[in-house]
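Residue numbers (our numbering): 51 to 323.
Note that the Cβ used here is the ideal one computed from N, Cα and C, for glycine as well.
Worksheet: one structure, shown below.
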Amino acid sequence: MSDRPDTLWYTRCPMPTASGLAIEMGWLDEEFAPDGIEVLSLRAAASRKTRESHFDHSQDNSFREGGNTPPIWSYSRGADTRLIGITWVDQYQTIAVLPDSGIRHLADLRGRRLGVPQHLRDQIDFWRGKSLRGLLTGLELAGLDPAEVEWVDLPEQETFLGDEGSSKSGTLWTAKRQQAILRAEAFALIRGEVDAIHLNGARGLMLEALLGAIALVDLGGHPDRQKRISNGTPMLFTASGQLVREQPDLVRRYLDTVRRAAKWAESHQKETL
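Following this line, the structure appears as C-alpha cells:
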C-alpha cells in the first residue's frame with residue numbers, strides 16, 4: 051500500500067449534502083486527525099488549477115459531492131475519477147415568465163424566446179446544461195418540438211471560481227456568487243430580451259418571488275422521476291481513482307463518516323435545517 055497522504059481534499063456544491071453536515075460538525079476532522087491527515091476544502095488551495103478540480107477532478111486524494119454534470123464530463127474526458135455514491139435530493143425547478151408576457155401554460159411557449167445562460171470562462175458550463183435540461187423537459191411536457199421556440203444565448207463573463215478568500219471548510223463558491231450568476235438571466239427577462247427562463251433551487255424560488263414571476267410548471271415535484279433529473283438531481287459522490295486503488299480504507303472511512311451524518315440528519319431534522 052502506498053504511503054498515507056497528509057491531506058485529503060474535498061469539494062462540495064452549495065447544496066444540501068451529507069458531506070456538508072459531516073464537514074460542519076467536524077466529524078471528518080475527528081476521523082482522520084489521529085492519522086495525522088488534514089481534511090481540507092479545495093478552497094484552501096491558493097492555486098486556481100487545484101480549485102478547478104471541482105470540475106475536472108484532477109487533484110489526487112480528493113472527494114467531491116455535488117451536481118452530476120462535471121463528473122460525467124470529466125470522466126468522459128479521461129479523468130481518473132470513480133463513482134462511490136449517489137444521493138437524490140429533490141429541488142425546486144420551474145420555467146418562469148413575467149405576468150405581462152401573456153404566457154400562462156407551457157404550450158404558450160410556442161414561438162417564444164427561451165433564455166439559455168452561456169458561461170464563457172468556466173471549464174464546463176453545467177449551469178447551461180441544467181437550464182437546457184429544464185427547458186427541454188418543459189417543451190416535451192407541452193408536446194412542443196425544440197425547433198418551435200427561439201433559443202437565446204445569454205453570455206456571462208462571471209465565473210463560478212471567483213476571488214473568494216481561502217477557507218479550510220467552505221464551499222468552493224459562496225451563495226452570494228451563485229446569486230450573482232443569475233443576474234444575466236434575470237435582467238434579460240426584465241428587459242424583455244427573453245420570454246422565459248429556467249429557475250431552480252432556493253435561489254431560483256427567491257428570484258421568482260422577487261420578480262413576481264409566474265411558474266409554468268413544477269418540474270422538481272413532477273410525479274415522473276425521470277422529469278426531475280437535472281444537474282443537481284441526482285448528486286454524485288466521486289473520489290480520485292488513485293485514492294480508491296491505493297487507500298481504499300480511507301475511502302471507506304470517509305464514506306462511513308458521511309453516512310453517519312446522513313443518519314443523524316434523519317433523526318435531527320430541525321437541527322439539520
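Are the beta-carbon atoms of residue i and residue j separated by less than 8 angstroms?
{"i": "residue 206", "j": "residue 170", "result": "yes"}
{"i": "residue 270", "j": "residue 142", "result": "yes"}
{"i": "residue 204", "j": "residue 238", "result": "yes"}
{"i": "residue 294", "j": "residue 132", "result": "yes"}
{"i": "residue 146", "j": "residue 232", "result": "no"}
{"i": "residue 310", "j": "residue 77", "result": "yes"}
{"i": "residue 202", "j": "residue 189", "result": "no"}
{"i": "residue 119", "j": "residue 266", "result": "no"}
{"i": "residue 284", "j": "residue 138", "result": "yes"}
{"i": "residue 134", "j": "residue 301", "result": "yes"}
{"i": "residue 162", "j": "residue 153", "result": "yes"}
{"i": "residue 292", "j": "residue 110", "result": "yes"}
{"i": "residue 149", "j": "residue 73", "result": "no"}
{"i": "residue 98", "j": "residue 92", "result": "no"}
For my contact list, residue i and residue j are in at a C-beta cut-off of 8 angstroms; report their separation, rounded to the angstrom.
{"i": "residue 186", "j": "residue 246", "result": "Not quite, the Cβ-Cβ distance comes to about 12 angstroms (not below 8 angstroms), so this is no contact."}
{"i": "residue 68", "j": "residue 312", "result": "4 angstroms"}
{"i": "residue 151", "j": "residue 129", "result": "With a Cβ gap of about 42 angstroms, residue 151 and residue 129 do not count as contacting."}
{"i": "residue 112", "j": "residue 103", "result": "6 angstroms"}
{"i": "residue 286", "j": "residue 121", "result": "5 angstroms"}
{"i": "residue 241", "j": "residue 140", "result": "Not quite, the Cβ-Cβ distance comes to about 32 angstroms (not below 8 angstroms), so this is no contact."}
Give the secondary structure of residue i by DSSP, where H, G and I count as helix, E and B as strand, and everything else as coil.
{"i": "residue 319", "result": "helix"}
{"i": "residue 135", "result": "strand"}
{"i": "residue 263", "result": "coil"}
{"i": "residue 152", "result": "coil"}
{"i": "residue 304", "result": "helix"}
{"i": "residue 75", "result": "coil"}
{"i": "residue 168", "result": "strand"}
{"i": "residue 143", "result": "strand"}
{"i": "residue 289", "result": "strand"}
{"i": "residue 124", "result": "helix"}
{"i": "residue 272", "result": "coil"}
{"i": "residue 104", "result": "helix"}
{"i": "residue 3", "result": "The first residue shown for the chain is 51 and the last is 323, placing residue 3 beyond what the model contains."}
{"i": "residue 278", "result": "helix"}
{"i": "residue 61", "result": "strand"}
{"i": "residue 163", "result": "strand"}
{"i": "residue 245", "result": "coil"}
What residue from the options has the CA that sits closest to residue i's CA?
{"i": "residue 178", "options": "99, 210, 157", "result": "210"}
{"i": "residue 322", "options": "62, 64, 75", "result": "75"}
{"i": "residue 208", "options": "277, 235, 317", "result": "235"}
{"i": "residue 299", "options": "66, 85, 164", "result": "85"}
{"i": "residue 90", "options": "262, 59, 70", "result": "59"}
{"i": "residue 308", "options": "63, 71, 62", "result": "71"}
Label residue i either buried or exposed according to how many other C-beta atoms from any shown protein chain fall within 10 Å of its C-beta, with 16 as the threshold for buried.
{"i": "residue 83", "result": "exposed"}
{"i": "residue 115", "result": "buried"}
{"i": "residue 184", "result": "buried"}
{"i": "residue 181", "result": "buried"}
{"i": "residue 175", "result": "buried"}
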